[in-house]
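Residue numbers (the working numbering): 809 to 1189.
The beta-carbon is built from N, C-alpha and C at its ideal position, and this holds for glycine as well.
Step one of this worksheet: look at the structure below.
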Amino acid sequence: MYPSGFSKKEEKYKMKKKLISLLLTGVMAASLLVGCGSSEAPAAAEPAAAEVVEDAAAAEEVVAETAEATDGVIKVGFAQVGHESDWRTASTKSCQDVFSAANGYDLSFVDCDNDEAAQKEAVRSFIEQGVDYIIIDPIIATGWDTVLTECDDAGIPVIIIDRTVDDSDKYVSWVGSNFLTEGQAAGEWLKAYADAQGISEINALVISGSTGSSAQIGRSDGFKEMADKYGFNILDEQTGDFTEAGGQEVMESYCKSYAGKFNVVVCQNDNEAFGAMTAMDNAGVAYGVGTDVILISFDACTAGLEEVKAGKITADFECNPLAAPFVEEVIKTLQSGGTPDKEVYMVEHWYALPDQIVDFSINGEAQKMTEVTDDVIAAQY
Ligand code: GZL
């Protein structure tokens, strides 16, 4: 926020207005000079007057554009990761529902199809369009400072949603989840559940999310921290890229390489879990409640909770995709000249059936699990 208390964007807008009034004054002065002098305007005046007129016209255009751009409609550019999962679909819908024309927004939405270069290109296109705000869900956590500097230079506030940017702080706010906590929760629950079930040895296979995304980094690090703390064996970790096809492909390989050697499968989102389930079904591997293989998942989307209710997914660790209302609060704060929080965390729940609900803590903080019922499923995203 600038000393004047206005955001950089408001400062730039005010500067534009000042420039235009100066130019228009210059135009009037030049035309008076030309009109009052000899019939022959001094040679020096004409080009100056012409330049000033031209500048004034350009300046008027800027004002018209800016005025148009601020006639109450707020232009928002959103560079979304892609369409790889149920979670992503819910995240996109949340943003499209909130930043709708009916709510006074003009949303430019780009599905970047998990392509980092395309995502940077989308952000630069928003700068070209002169949007009022840019929302980014960063496909991976690094490589952002250059383009965020360009947004900053253009005076366009950036809000990061969901995944994090780890190599730049040139954004106003981040709204999302604590992925490390999610990974820790899965590990602490697994330890408590294994103890309750009399399982003394954990041999886990991990199907991780898109490599380099903060969601993958946090969940991997959090679960690894617990594996080190409790002596779990992580037999392998390969990326399923948060997709069902990726989960199935990795699990097919695991069923061959680790047949009979694993008793836990950790999928870093529900769509990977659906793929892993297909692979284990095809390989004749029993998994879920009442079997020798515990299946852990993340996201807790509606379809994921249905598999928990069916006893296929043993426990599901939520990552809440419905961040858009909180992003809108950030924008409203900026619109009113306020300073929003730099970080806004979503509320998440840990889901299981009654027999799989156990008491556990994360860093000494007791955790409450949520029973999956038909009502819980009906209310999910
Ligand atoms: C996490 C989000 C992840 C989800 C996946 O916040 O970025 O990406 O866990 C999605 O389902 O693909």
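Given a cut-off of 8 Å on the beta-carbon distance, is the pair residue i and residue j in contact?
i: Q1056; j: T1086; result: yes
i: S893; j: D970; result: no
i: I967; j: V980; result: yes
i: T1110; j: Q1188; result: yes
i: I1015; j: N1041; result: no
i: Y1024; j: I1170; result: According to the sequence shown, residue 1024 is Gln rather than Tyr. Result no, Cβ atoms of Q1024 and I1170 do not sit closer than 8 Å.
i: E996; j: F1168; result: yes
i: H1076; j: G1017; result: Here residue 1076 turns out to be Gln, not His, going by the sequence shown. Yes. Within cutoff.
i: Y1001; j: I1139; result: no
i: L1161; j: G1096; result: no
i: M1088; j: M1059; result: yes
i: L1113; j: S902; result: no
i: L754; j: Y1062; result: Not covered by the structure: residue 754. The range shown for the chain is 809 to 1189.
i: V1073; j: A1084; result: yes
i: G938; j: S916; result: no
i: V1166; j: A1004; result: yes
i: V918; j: A949; result: no
i: S1065; j: E1045; result: no
Between the Cα of residue i and the Cα atoms of the options, which residue gives the shortest distance?
i: D923; options: F907, A1174, A887 and V966; result: A887
i: L998; options: Y1159, A1094 and K1140; result: Y1159
i: D1107; options: I942, A1118 and N986; result: N986
i: M1154; options: K901, G880, V955 and V983; result: V983
i: D905; options: E1136, Q1143, E1114 and T972; result: E1136
i: I944; options: A1186, G938, V889 and P1129; result: V889
i: E958; options: T972, D977 and A949; result: D977
i: D921; options: G912, G938 and T897; result: T897
i: G1172; options: S916, T989 and K901; result: T989
i: D1163; options: V1180, I1185, D1149 and D1036; result: V1180
i: E1080; options: D1044, K1150 and F1050; result: F1050
i: W895; options: V918, E1052 and Y913; result: E1052
i: C1127; options: S1022, A949 and K1117; result: S1022
i: Q927; options: Y913, L956 and D914; result: L956
i: K1117; options: S1144, A1186 and L1142; result: A1186
Taking the C-alpha atoms as reference points, what is the distance between residue i and residue j?
i: K824; j: S908; result: With a pLDDT of only 44 at K824, under the threshold of 50, the placement of this residue in the model should not be trusted; the figure read from the coordinates follows. The alpha-carbon atoms of K824 and S908 are separated by roughly 28 Å.
i: I1007; j: V1101; result: 11 Å
i: S829; j: D1078; result: Since pLDDT at S829 reaches only 48, below the 50 mark, its modelled position is unreliable, and no value is offered.
i: F1134; j: V1152; result: 8 Å
i: G1039; j: G1030; result: 14 Å
i: E929; j: D961; result: 16 Å
i: T1202; j: I947; result: This structure leaves residue 1202 out entirely; the chain is present only between 809 and 1189.
i: G951; j: M1177; result: 37 Å
i: S1105; j: F1070; result: 16 Å
i: A925; j: D879; result: 33 Å
i: T1099; j: S933; result: 52 Å
i: K1150; j: D1183; result: 34 Å
i: Q1175; j: D975; result: 32 Å
i: F1082; j: T1047; result: 15 Å
i: G1092; j: N911; result: 51 Å
i: A1067; j: H891; result: 32 Å
i: E1156; j: E936; result: 37 Å
i: P1148; j: N1090; result: 50 Å
i: L1142; j: G1026; result: 30 Å
i: E1115; j: L1043; result: 25 Å
i: D914; j: S1144; result: 19 Å
i: A994; j: A1132; result: 26 Å
i: K1037; j: K883; result: 48 Å
i: A1094; j: G1054; result: 20 Å
i: V931; j: K1032; result: 34 Å
Between residue i and the ligand GZL, is the CB less than 7 Å from at least one heavy atom?
i: N911; result: no
i: E892; result: yes
i: D1107; result: yes
i: S1016; result: no
i: F1134; result: no
i: S985; result: yes
i: A962; result: no
i: N1079; result: yes
i: D1023; result: The residue asked about is misnamed: residue 1023 is Ala in this sequence, not Asp. Yes.
i: R932; result: no
i: W895; result: yes
i: D970; result: yes
i: F1050; result: yes
So does residue i have its beta carbon nearer than 7 Å to some heavy atom of the ligand FMN?
i: C1127; result: As far as ligands go, the structure on display features the ligand GZL and does not contain the ligand FMN.
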